[in-house]
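Notes follow the structure.
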Amino acid sequence: MANLVETYACTPSTERGRGILISGDAKSNSILYCNGRSVFIRYLDQPLDVAVYGDHGYPVTVARYSPNGEWIASADVSGTVRIWGTHNDFVLKNEFKVLSGRIDDLQWSPDGLRIVASGEGKGKSFVRAFMWDSGSTVGDFDGHSRRVLSCHFKPTRPFRIATCGEDFLVNFYEGPPFKFKLSHREHSNFVNCIRFSPDGSKLISVSSDKKGIIYDAKTGETIGELSCEDGHTGSIYAVSWSADGKHVLTVSADKTAKIWEIFEDGSGKVKKTLECPGSGGVEHMLVGCLWQNDHLVTVSLGGTINLFSASDPDKPPLLLSGHMKNITTLTVLKSNPKMILSSSFDGSILKWIQGVGYSGKLKRKDSSQIKCLAAVKEEIITSGYDNKVWRVPLHEEECGVAEHIDVGSQPKDLCYAINSPDLALVSTDSGVVLLKGLQVLSNINLGFTVTASVISPDGSEVIVGGQDGKLHIYSVSGDSLTEKATLEKHRGAISVIRYSPDVSMFASADLNREAVVWDRVSKEVKLNNMLYHTARINCLAWSPDSTMVATGSLDTCVIIYEVGKPPSSHITIKNAHPGGVYGLVFTDDSSVVSSGEDACIRVWRVERQ
Numbered sequence: 001m002a003n004l005v006e007t008y009a010c011t012p013s014t015e016r017g018r019g020i021l022i023s024g025d026a027k028s029n030s031i032l033y034c035n036g037r038s039v040f041i042r043y044l045d046q047p048l049d050v051a052v053y054g055d056h057g058y059p060v061t062v063a064r065y066s067p068n069g070e071w072i073a074s075a076d077v078s079g080t081v082r083i084w085g086t087h088n089d090f091v092l093k094n095e096f097k098v099l100s101g102r103i104d105d106l107q108w109s110p111d112g113l114r115i116v117a118s119g120e121g122k123g124k125s126f127v128r129a130f131m132w133d134s135g136s137t138v139g140d141f142d143g144h145s146r147r148v149l150s151c152h153f154k155p156t157r158p159f160r161i162a163t164c165g166e167d168f169l170v171n172f173y174e175g176p177p178f179k180f181k182l183s184h185r186e187h188s189n190f191v192n193c194i195r196f197s198p199d200g201s202k203l204i205s206v207s208s209d210k211k212g213i214i215y216d217a218k219t220g221e222t223i224g225e226l227s228c229e230d231g232h233t234g235s236i237y238a239v240s241w242s243a244d245g246k247h248v249l250t251v252s253a254d255k256t257a258k259i260w261e262i263f264e265d266g267s268g269k270v271k272k273t274l275e276c277p278g279s280g281g282v283e284h285m286l287v288g289c290l291w292q293n294d295h296l297v298t299v300s301l302g303g304t305i306n307l308f309s310a311s312d313p314d315k316p317p318l319l320l321s322g323h324m325k326n327i328t329t330l331t332v333l334k335s336n337p338k339m340i341l342s343s344s345f346d347g348s349i350l351k352w353i354q355g356v357g358y359s360g361k362l363k364r365k366d367s368s369q370i371k372c373l374a375a376v377k378e379e380i381i382t383s384g385y386d387n388k389v390w391r392v393p394l395h396e397e398e399c400g401v402a403e404h405i406d407v408g409s410q411p412k413d414l415c416y417a418i419n420s421p422d423l424a425l426v427s428t429d430s431g432v433v434l435l436k437g438l439q440v441l442s443n444i445n446l447g448f449t450v451t452a453s454v455i456s457p458d459g460s461e462v463i464v465g466g467q468d469g470k471l472h473i474y475s476v477s478g479d480s481l482t483e484k485a486t487l488e489k490h491r492g493a494i495s496v497i498r499y500s501p502d503v504s505m506f507a508s509a510d511l512n513r514e515a516v517v518w519d520r521v522s523k524e525v526k527l528n529n530m531l532y533h534t535a536r537i538n539c540l541a542w543s544p545d546s547t548m549v550a551t552g553s554l555d556t557c558v559i560i561y562e563v564g565k566p567p568s569s570h571i572t573i574k575n576a577h578p579g580g581v582y583g584l585v586f587t588d589d590s591s592v593v594s595s596g597e598d599a600c601i602r603v604w605r606v607e608r609q
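UniProt numbering applies: residue 1 is where the sequence shown begins, and numbers increase by one.
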């Protein structure tokens, strides 16, 4: 049995120059956001408690709770809305094709019977309202000529719908059935977000022209605007009302969030400016916000979620962060407490602590892309998509000055000799390179296509796997390699090789979904027929006591084998990561950590039978 203990979730997908619309449920104090084809439910009181819905066929853009909190409607770039339950394995209630293009916003009516969606119409309608159970249209939404970025239902009767978009317009519709009532053109740039106050008396629209305009919710007339004094100096991307309807929270490309007091006459002035921690780079522009209970939630372009307290906004915010793109490597630093390092190909390396979650980002001077990463206590070694191998010293969990060496062709795999870490092995297409510090000891052409390699902890032996499925074992003396043996068992190109921690065995896996455990001394097969994956194996890890081997595959599964038992008694974790598992590591004898295409990291507790 393997049980999910913790999930370190990915961040919301963001796009430069566009806001994102996150939403939540005040009762369960959870928020919803989207990344890739998944919707994430994060509980603000327990950030490591994450639920994921991944049944969309296209990237998801927005998700909303129904007023009673029992259902969630989520929409994607194909114009499809799916309505699913928050309990019982997210049972699907309905699926409707609503628009002919991407949906940017959707809202439930306050009685939970209707849904309005807006977005890209590809020449047809840009807004549509429909019954949640039958999908039948309730009204006609004329009046927009470009993509509609946001829409909202008035929360009290008489019902109204307000919409805004890239044609600089704010439109009012009354119904049901809904029909056009009036239009405003006070904004001089894209109108990014529109929201009715919770008591249904006012409506606010915010725009890339740095203005916020307030309307009477019943008649649709303009009554005031946010003061320019101490206002935003960049595009305003999102707005959210406080529960009492007296304040709003706005976020902007000027990297600040502001709390505004809204007066009865419709004017608004800045009460507090929230500065989010960070260096002030482009990734710290704020693109999304939500005011929920006592939490002020802001989302930056880099995906970081900042949680401020509404009752004490001077308190430093709690940061929830993670990867936005798929995670390619995972490794553990044997520090105290143990630190998990993860890297994604966009070049970010994040630190995680079991039981705590996100613990910061490793700041590198050079932010090049990362394909391979290995780490010991004092340094990390990385390679990307050029010919360089970087050695980056770690001082007190911060990166020192990185130095690089050119190895002549793109590295495919890299590995430390753990007991003498200045010795490293880098494999390229046609051979291997032995590095000592930043010197190339030898660059050896092996005469076959290399796909994986590993060096023993003491640096005396190298195992190289080829495209032909053979394992070539070499002894290392000085700067030369001498071939000792060739092992044939695999029927596909070798994808990964790893020594057991006690160095008595090694395990190899291939693209033909098979893994094999070998005895290091006799070179005999110790465990075979490990053929339970349905696609190529991407990664492999040993437990610290050398009794278990875990494999992760493109088929989304993690399979754990015990070395002393037949392979049929394996433990399978199904659907560990939609899109495939790309990183695996044990933190102790019963905890395995996995990462994958979905940009999440999960910690599993293994219970042996």
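Every residue, glycine too, gets a C-beta built ideally from N, C-alpha and C.
Query, Result
"With distance defined between alpha-carbon atoms, name the residue in Ser-136, Cys-415, Asp-105 nearest to Val-127.", "Asp-105"
"Going by Cα to Cα distance, which pick from Gly-357, Pro-59, Ala-493, Lys-181 is closest to Ile-601?", "Gly-357"
"Between the segment 34 to 54 and the segment 258 to 276, do three or more beta carbon pairs fall short of 8 Å?", "no"
"Hey, quick one: how far does the beta strand (DSSP E) through Asn-443 stretch, first residue to last?", "439 to 445"
"Taking Cβ positions, are Pro-198 and Glu-174 nearer each other than 8 Å?", "no"
"Output needed for Asp-209: all residues of its chain with C-beta closer than 7 Å, excluding positions within five of it in sequence on either side, in chain order.", "His-187, Ser-188, Asn-189"
"Which residue's Cα is closest to the Cα of Tyr-416: Val-170, Leu-425, Thr-551, Thr-547?", "Leu-425"
"How is His-295 classed by DSSP in three states: helix, strand or coil?", "strand"
"Under three-state DSSP, which class holds Pro-47?", "strand"
"Per DSSP, what kind of secondary structure is Ser-569 in: helix, strand or coil?", "helix"
"Just tell me which of Glu-95, Arg-18, His-87, Tyr-65 has its CA closest to the CA of His-56.", "Glu-95"
"Near Ile-444, what residues of its chain come up, given a Cβ to Cβ distance below 7 Å and the 5 sequence neighbours on each side ignored?", "Gly-431, Val-432, Leu-481"
"Could you check where the beta strand (DSSP E) with Met-339 kicks off and where it finishes?", "339 to 344"
"Counting along the chain, where does the beta strand (DSSP E) carrying Trp-132 start and finish?", "It is not in any beta strand (DSSP E) - Trp-132 carries neither H nor E in the DSSP assignment."
"Please classify Gly-564 as buried or exposed, where buried requires at least 16 neighbouring CB atoms within 10 angstroms.", "exposed"
"Please classify Val-407 as buried or exposed, where buried requires at least 16 other C-beta atoms within 10 Å of its C-beta.", "buried"
"Can the beta-carbon of Leu-540 be found closer than 8 Å to that of Ala-576?", "no"
"Among residues of its own chain, excluding the 5 on either side of Asp-589, which ones have a beta-carbon nearer than 7 Å to its beta-carbon?", "Ser-543, Pro-544, Asp-545"
"If you measure between the beta carbons of Leu-423 and Gly-459, is that distance less than 8 Å?", "yes"
"Quick check: the Cα distance between Gly-302 and Met-285, rounded to an integer number of angstroms?", "8 Å"
"In three-state terms, what does DSSP make of Asp-209?", "coil"
"Per DSSP, what kind of secondary structure is Asp-244 in: helix, strand or coil?", "coil"
"Check this for me: beta carbons of Arg-160 and Gly-119, under 8 Å apart or not?", "no"
"At what residue ranges does the segment 140 to 200 contain a whole run of the beta strand (DSSP E), taking only runs of 3 or more?", "148 to 153, 160 to 165, 170 to 174, 179 to 184, 191 to 196"
"Taking 8 Å as the cut-off, decide whether the C-beta atoms of Ser-553 and Ile-537 are in contact.", "yes"
"For Asp-502, count the other beta carbons within 10 Å of its own beta carbon; 16 or more makes it buried, fewer makes it exposed. Which is it?", "exposed"
"Excluding sequence positions up to five away, which residues of its chain have a Cβ less than 7 Å from the Cβ of Val-517?", "Met-505, Ala-507, Lys-526, Leu-527, Val-549, Val-563"
"Taking only runs that begin and end inside the segment 457 to 497, name each unbroken beta strand (DSSP E) of 3 or more residues, in chain order.", "461 to 466, 470 to 477, 480 to 488"
"Residue range of the beta strand (DSSP E) that Ala-26 falls in?", "Unbroken run through Ala-26: none, as it is neither H nor E."
"Consult DSSP for Asn-575 and reduce its assignment to one of helix, strand or coil.", "coil"
"With H, G and I counted as helix, E and B as strand and the rest as coil, what does DSSP make of Glu-283?", "helix"
"Which residues does DSSP pair with Ser-13 in a beta bridge?", "None, per the DSSP bridge assignment."
"So who's on the other strand from Phe-308, going by DSSP bridges?", "Leu-296"
"Measuring only the C-alpha atoms, how far is Asp-346 from His-323?", "9 Å"
"For Tyr-385, is the classification buried or exposed, using 16 other Cβ atoms within 10 angstroms of its Cβ as the cut-off for buried?", "exposed"
"Counting pairs of Cβ atoms below 8 Å between the segment 27 to 41 and the segment 63 to 73, do you hit three or more?", "yes"
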